[in-house]
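Residues in the sequence shown are numbered from 38 upward in steps of one, following my numbering.
Here a beta-carbon is modelled for each residue, glycine too, at the ideal position from N, C-alpha and C.
Note that this is a predicted model, so its numbers are computed, not measured.
To start, the structure itself, in C-alpha cells.
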Amino acid sequence: DAAAVNVNVWITPDSAVAGGGAALSGLRVYHREAPLEWEYTDYNNLAHLESRRAHLVGAEFTDVPYRSNRAVVFNSNLLHESGHLAFKPGYKNRRINLTLLFGNRCRASV
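Below is the structure:
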C-alpha cells in the first residue's frame with residue numbers, strides 16, 4: 038500500500054467464520070518488500086500479477102489467522118494479500134476489515 042505503516046483490524050465476530058476457516062481467512066505478509074520503483078498499480082493490479090508472483094518466488098511469509106478484534110501492524114512496503122474468505126453466508130457474517138495507513142511509502146530516487 039502507498040504508506041509507511043499498515044494496520045489491519047478485523048471486527049467481524051469469530052462465530053461468522055466457517056468451520057476451520059480462521060487459518061485461511063487472515064492475512065499473508067511476505068518477508069519481501071515491493072521494489073521502490075514500483076508504483077501502486079504495479080503491485081495492486083491483476084494486470085501485473087505475473088511480475089508480482091515472479092518477485093515473490095522463494096520469499097518467506099507469515100500467515101496471520103483471522104481473529105475478531107485482531108490488529109496486524111506491519112511495514113507497508115512488505116507485499117501482502119488477504120487469504121481466502123471462509124465466512125458463513127449472510128450479511129451479518131461478512132468480513133469487515135479496517136485498513137489504516139500511516140505515513141508515505143519510501144520512493145526510489147531517480
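Beta-bridge analysis with DSSP links residue 108 to 46. Contact check for residue 114 and residue 70: beta-carbon distance about 4 Å, within the 8 Å limit, so the pair qualifies. Proximity to residue 124 across 45, 60, 46 and 38 peaks at 60, based on C-alpha coordinates. In terms of CA proximity to residue 120, 101 leads the group 138, 101 and 105.
In this structure, residue 105 places its C-beta atom within 8 Å of the C-beta atom of residue 48.
Shown here, residue 121 sits in coil according to DSSP, grouped into three states, outside any helix or strand. In this structure, the CA atom of residue 116 is about 11 Å from the CA atom of residue 97.
For the stretch 45 to 103, the full-length alpha helix (DSSP H) segments reaching 4 residues or more read 77 to 80 and 86 to 93 along the chain.
Residue nearest to residue 94 within the set 45, 57, 68 and 109 is 68 (criterion: CA-CA distance).
Distance from the Cα of residue 91 is smallest, within the candidate group 132, 137, 44 and 72, for 72.
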